[in-house]
Amino acid sequence: MYRDVLAIVLAGGRGTRLDPLTRDRAKPAVPFGGIYRIIDFTLSNCINSDIRRILVPTQYKATSLNRHIDQGWNFLCRELDEYIEVIPPQQRLTEAWYQGTADAIYQNVYTIEKAAPRDTIILAGDHIYKMNYARMIDFHRERKADLTVACQPSTLAAARDFGVMGTDDEGRITSFVEKPKDPPPMPGHPDQALASMGIYVFNTDVMYELLFRDAARKEASGHDFGRDIIPRMVQEGMRVVAYPFRDENRKTAAYWRDVGTLDAYFQTSMDLIAVDPTLNLYDREWPIHTYQPASPPPKFVHTDPDRRGAAFGSIVCQGVIVSGGQVFRSILSPAVRVRSYSLVEDSILFDGVEVGRHARVRNAIIDKYVRVPPGFTIGWDRQLDIEHGFTITPAGVTVVSKDEDLERFA
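Residues in the sequence shown are numbered consecutively from -14, following the numbering used here.
See below:
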């Protein structure tokens, strides 16, 4: 166990681009892959990397996230100095909420000091990937770095949403700009940029100094690691190094996804139902932990030729009953009901969704506890979906918000 390392998983973002899925929950608490929440991947990486002292600063709409962590991540032992601790904005120094990623750490400096870590790893709670942080920490210490930033090549278009860096031949970061409109390409790769993954390992004493200096700048700083802290470190010649991303996915290509938009979330979810999925959830050597309440197994009923309960190329979770309906290339979360003569295609149904008889759902995300009335259609008529007030993504995915009352349209 890395007893001299503290992990901080930032989980306070609004996730506005995931609306309506984030209308009632924090982005890291959005369900993913049937049984998981997005934050489960980062927390599992910590546990699998033998990092068992974890702080989770939260902020917006954190109730379901707090409940999930309390119910599903309570297996660590405090007596052995193992914990996952959720910390809301402390407002100890001002009455302000977290003003940026760096401020979220600064407001919790006293909590960090009690843990007395040699190194602090700062992580985002809203990315999908499998990574051994221990290797990055070892790399950071071998290089005697003040800060190590995980990175990977990205297309120039995608790099506009990330921090972009330049490095010398030894991997030392020589430039860093956050979300540039015109990302500088990598030498020898004119169509790629070297993008930050938002994973940072700090020498803790150095981090303290930087946070206090940044806080003293007040309105002159955005109090953000990517926009303020890291560029200043590079300008001042501090030892900031790049760590090339190596994952634990055990596939030919590394897998890391930012699910910050509805279309990115949908496509990343659909990756899971491939015959040979690019994200391997079935590797017992790098399990993804989560909270799973006691539920019965899934069930498929009725065998009449025109009323056969079946699912093909899909993920079907516990408690699901497919009762005479047909499901193709979809993800059915726990306790979903698919009634007779109904059809679900290329869709994600969250917990407790019920699809009524003769209803048809296609290319859609339906949030928790929505009842699709008998004969109702979602995803088949774009104009009708718009008239019903559903969200339509640029790629044409129809999104129905939590607890939406569809009976009024029936």
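All C-beta atoms, glycine included, are put in the ideal place defined by N, C-alpha and C.
Secondary structure note for PHE26: it is in no beta strand (DSSP E), and the uninterrupted alpha helix (DSSP H) holding it is 24 to 33.
Look at LYS284 here: in three-state DSSP terms it is strand.
Assigned with DSSP and collapsed to three states, THR152 falls in strand. Under the DSSP definition of a beta bridge, TRP241 partners with TYR114. About 7 Å separates the beta carbon of ILE316 from that of LEU257, a gap short enough to meet the 8 Å contact definition.
Between the segment 60 to 72 and the segment 36 to 46 there are three or more C-beta pairs closer than 8 Å, enough to call the two in contact. In the structure shown, GLY211 adopts helical secondary structure according to DSSP, grouped into three states. The three-state reading of DSSP puts ASN51 in helix, counting H, G and I together. Here GLN177 carries a strand assignment [DSSP, helix/strand/coil].
Counting C-beta pairs closer than 8 Å gives fewer than three between the segment 157 to 171 and the segment 231 to 239, which falls short of the contact rule. Annotated three-state conformation of SER254 is helix, per DSSP. The beta carbon of PHE187 is closer than 6 Å to those of THR105, LEU132 in its chain, skipping five residues each way along the sequence.
Burial of ILE363 is indicated by the presence of at least 16 other C-beta atoms within 10 angstroms of its C-beta.
As for any alpha helix (DSSP H) of minimum length 4 sitting wholly inside the segment 264 to 316, there is none. The C-alpha of VAL305 is placed about 9 Å away from the C-alpha of GLY337. The segment 245 to 261 and the segment 116 to 132 do not touch, with fewer than three beta-carbon pairs separated by less than 8 Å. The Cβ neighbour count for PHE60, taken over all protein chains shown within 10 Å, is under 16; the residue is labelled exposed.
Taking a 10 Å sphere around the C-beta of THR253, we find 16 or more other C-beta atoms and assign the residue as buried. Taking the CA atoms as reference points, PHE26 sits about 18 Å from THR7.
Between the C-alpha atoms of VAL312 and ILE333 there is a straight-line separation of about 11 Å.
Here ASP232 is buried. Its C-beta has 16 or more other C-beta atoms within 10 Å. Here DSSP, grouped into helix, strand and coil, assigns GLN44 to coil. Closest by C-alpha distance to PHE210, out of ILE184, PRO278, THR275, is ILE184. DSSP places TYR228 within a strand segment (E or B) once states are collapsed to three. By the criterion of a C-beta distance shorter than 8 Å, HIS287 is surrounded in its chain by ARG293, GLY294, SER308, GLY309, SER325, once the five residues flanking it on both sides are discounted. For GLY222 and ARG322, the gap between their C-alpha atoms comes out near 59 Å. The alpha-carbon of PRO379 is positioned some 38 Å away from that of GLY156.
At the C-beta level, THR159 and ALA227 stay beyond 7 Å of one another. The bridge partners DSSP lists for ARG322 are ILE306, GLU339. Scanning its chain for C-beta atoms nearer than 8 Å, with the 5 sequence neighbours on each side dropped, one finds around ASP370 the residues ILE363, GLY364, ILE377, THR383, in chain order. With a contact defined as Cβ atoms closer than 8 Å, ASP213 and ASP190 miss out at about 19 Å. DSSP places THR133 in no alpha helix (DSSP H) but in the uninterrupted beta strand (DSSP E) bounded by 132 to 140. A residue is called buried once 16 or more other Cβ atoms fall within 10 Å of its Cβ, and PHE251 is buried on that count. The C-beta separation of LEU65 from ARG10 comes to about 31 Å, leaving the pair out of contact by the 8 Å criterion. GLU163 is bridged by DSSP to GLY148. When VAL357, ARG145, MET192, ALA320 are compared, the shortest CA-CA separation from ILE97 is found for MET192.
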